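Colleague:
Residue numbers (this note's numbering): 82 to 446.
(1) Return the CA-CA distance between residue 321 and residue 198, expressed in angstroms with no decimal places.
(2) How would you call residue 203, buried or exposed, if buried means at least 16 neighbouring beta carbons within 10 angstroms?
(3) So, is residue 379 buried or exposed, given that buried needs 16 or more other C-beta atoms within 10 angstroms?
(4) Below 8 Å on the Cβ atoms is my contact criterion, and I expect residue 251 with residue 347 to pass it. Report the Cβ-Cβ distance as a whole number of Å.
(5) Between residue 152 and the rest of its own chain, which residues show a CB-CB distance below 6 Å, the 5 nearest in sequence each way excluded?
(6) Take every Cβ of the stretch 267-283, pair it with every Cβ of the stretch 140-157, and state whether three or more of those distances are shorter than 8 Å.
(7) Unbroken alpha helix (DSSP H) runs of length 4 or more, entirely within the stretch 258-303: which are they?
(8) Quick check on the burial criterion: 16 or more other C-beta atoms within 10 angstroms. Buried or exposed for residue 95?
(9) Return the bridge partner residues of residue 323 from the DSSP annotation.
(10) Can you list, in chain order, the residues of its chain with a C-beta nearer than 7 Å to that of residue 446? Leave out the 5 residues immediately preceding and following it.
(11) Does the separation of the CB atoms of residue 388 and residue 126 fall below 7 Å?
(12) Looking at the unbroken alpha helix (DSSP H) that takes in residue 379, where does it start and where does it end?
(13) Am I right that residue 382 and residue 190 are in contact with their C-beta atoms under 8 Å? What's the rounded C-beta distance?
(14) Could you give the distance in angstroms between the alpha-carbon of residue 420 and the alpha-carbon of residue 324?
(15) Quick check: the stretch 296-305 against the stretch 166-183, are at least 3 beta-carbon pairs closer than 8 Å?
(16) I need the DSSP call for residue 201, collapsed to helix, strand or coil.
(17) Return the CA-CA distance between residue 444 and residue 167, expressed in angstroms with no decimal places.
(18) Taking three-plus beta-carbon pairs below 8 Å as touching, is the stretch 97-109 in contact with the stretch 213-223?
(19) How big is the Cα-Cα spacing for residue 91 and residue 412?
(20) Taking three-plus beta-carbon pairs below 8 Å as touching, is the stretch 126-142 in contact with the stretch 352-360?
(21) Going by C-alpha to C-alpha distance, which of 331, 428 and 110 sits closest to residue 265?
(22) Tell me the DSSP bridge mates of residue 106?
(23) Which complete alpha helix (DSSP H) runs does the stretch 143-199 hold, if anything under 4 residues is left out?
(24) Have a look at residue 331 and residue 317 and give me their C-alpha separation to the nearest angstrom.
(25) Report buried or exposed for residue 60, applying the criterion of at least 16 other Cβ atoms within 10 angstroms of its Cβ.
(26) From residue 360 to residue 274, what does the alpha carbon distance come to, in whole angstroms?
(27) Who are the near neighbours of residue 310 in its chain, counting only those whose CB is closer than 7 Å to its CB and skipping five residues on each side?
(28) Looking at the secondary structure, which residues open and close the alpha helix (DSSP H) in which residue 421 lies?
(29) What are the start and end residues of the alpha helix (DSSP H) that includes residue 227?
Pasting the structure below:
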């Protein structure tokens with residue numbers, strides 16, 4: 082079934098993904114982190130020992146399910162194509178930027194929408210930066226930016242990341258080798274089987290609908306095409322209803338439990354970097370996982386970059402902290418972006434500009 086050939090089907094795909102995210106939040110995932118690519122990659126990186134922040138270590142089955150879901154549905158519908166292109170190191174760096182920018186904001190574009198649906202005004206502020214970042218990326222595309230064409234390659238190449246994800250799942254289920262948080266966000270999760278099934282469904286729906294948060298805005302700016310926004314709209318409505326019905330909707334900025342901060346400039350700049358890098362890389366963090374699942378080695382390299390970026394964010398103190406409630410004094414402690422994180426975001430944006438306006442190629446190359 083093709084979910085991208087009509088707006089009704091696109092909206093249906095968004096609703097399906099929204100229902101999955103709502104179920105995961107209801108059954109244990111952090112409420113406004115029901116399904117976050119950057120946060121879940123960070124947690125999985127921690128489980129693999131790539132960083133030592135004990136509060137965010139857990140092999141998230143949702144990430145594994147996303148890749149495997151996209152892989153299985155693309156094979157079943159004969160859309161699986163093992164491809165590889167050029168500029169692997171540039172793609173790796175862009176993946177790092179996607180993760181670092183997201184963790185300074187405290188969420189990927191998917192979680193930005195989830196936070197918006199929960200009344201978090203910080204996410205609405207960050208949306209401005211994301212749109213501006215995508216717009217800058219579109220400007221670069223118009224000026225001739227390209228990382229080069231993808232070409233068909235050995236079928237085994239495209240299956241490497243799905244196999245690696247399957248290996249992580251086996252390690253998580255069958256051994257005690259992986260780390261797992263006993264407190265903090267990493268300890269909050271839905272049952273493993275539900276998370277895996279949710280990831281598989283989300284991955285299949287996203288693959289069939291071409292769901293992409295950066296792509297939806299890029300298409301509006303570049304072609305005045307609003308189709309992909311229909312998916313985002315369907316997803317947002319489901320999460321809004323869920324949050325309102327369960328008492329999770331709280332309109333405000335410094336709200337304990339939101340896992341957010343109110344340093345507006347850095348919310349804007351963090352998501353500006355993400356939007357910019359996503360257009361240059363050819364898709365948002367979610368889209369990169371889906372493309373990797375359906376055989377793109379280019380996206381697989383970007384995903385590995387996201388793992389490295391997420392690990393770096395916690396190894397070098399780049400990630401922001403969220404607003405919290407002091408258990409003893411009951412005072413609200415505002416979340417903040419560390420100095421290292423601010424410097425990293427500025428550097429990420431500079432790197433994006435260098436990549437965008439120095440890497441121009443003709444279509445045939």
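Just so it is clear, CB atoms sit at the ideal spot from N, CA and C, and this is done for glycine as well. Note that the structure is a prediction, hence the values are computed from the model and not measured.
Modeller: Here's the rundown:
(1) Cα-Cα distance, rounded: 5 Å.
(2) That one is buried.
(3) The residue in question, residue 379, is buried, as its Cβ has 16 or more Cβ neighbours within 10 Å.
(4) Rounded to whole angstroms, the Cβ separation of residue 251 and residue 347 is 39 Å, and the two are not in contact under 8 Å.
(5) Closer than 6 Å at the Cβ level, and outside the excluded window around residue 152, lie 243 and 374.
(6) Flag = yes, the stretch 267-283 and the stretch 140-157 touch.
(7) Restricting attention to alpha helix (DSSP H) runs no shorter than 4 residues, the stretch 258-303 encloses them at 273-290, ordered along the chain.
(8) A residue is called buried once 16 or more other Cβ atoms fall within 10 Å of its Cβ, and residue 95 is buried on that count.
(9) Residue 323 pairs with nothing; no bridge assigned.
(10) Any reading at residue 446 is ruled out, since the residue's pLDDT is 43, under 50, leaving its predicted position unreliable.
(11) Judged by beta-carbon spacing, residue 126 lies within the 7 Å limit of residue 388, meaning their Cβ atoms are closer than that value.
(12) For residue 379, the enclosing alpha helix (DSSP H) has its first and last residue at 378-396.
(13) Contact flag wrong, Cβ pair sits at about 20 Å.
(14) The C-alpha of residue 420 lies about 33 Å from the C-alpha of residue 324.
(15) Under the Cβ criterion (8 Å, minimum of three pairs), the stretch 166-183 does not count as touching the stretch 296-305.
(16) Three-state result, residue 201: strand.
(17) Note that residue 444 scores a pLDDT of 46, beneath 50, so its modelled location is shaky and nothing firm can be said.
(18) Flag = no, the stretch 97-109 and the stretch 213-223 do not touch.
(19) In this model, residue 91 and residue 412 are separated by some 44 Å (Cα to Cα).
(20) Segments in contact, no.
(21) The candidate whose alpha carbon is nearest that of residue 265 is 110.
(22) None, per the DSSP bridge assignment.
(23) Here the runs fully enclosed are 169-186 and 190-198.
(24) So the alpha carbons of these two residues sit roughly 15 Å apart.
(25) No information on residue 60 is available, as it lies outside the stretch 82 to 446 that the chain covers here.
(26) About 33 Å.
(27) Once the five neighbours on either side are set aside, the close Cβ partners of residue 310 are 297 and 301.
(28) Element bounds for residue 421: 420-439.
(29) It is not in any alpha helix (DSSP H) - residue 227 carries neither H nor E in the DSSP assignment.
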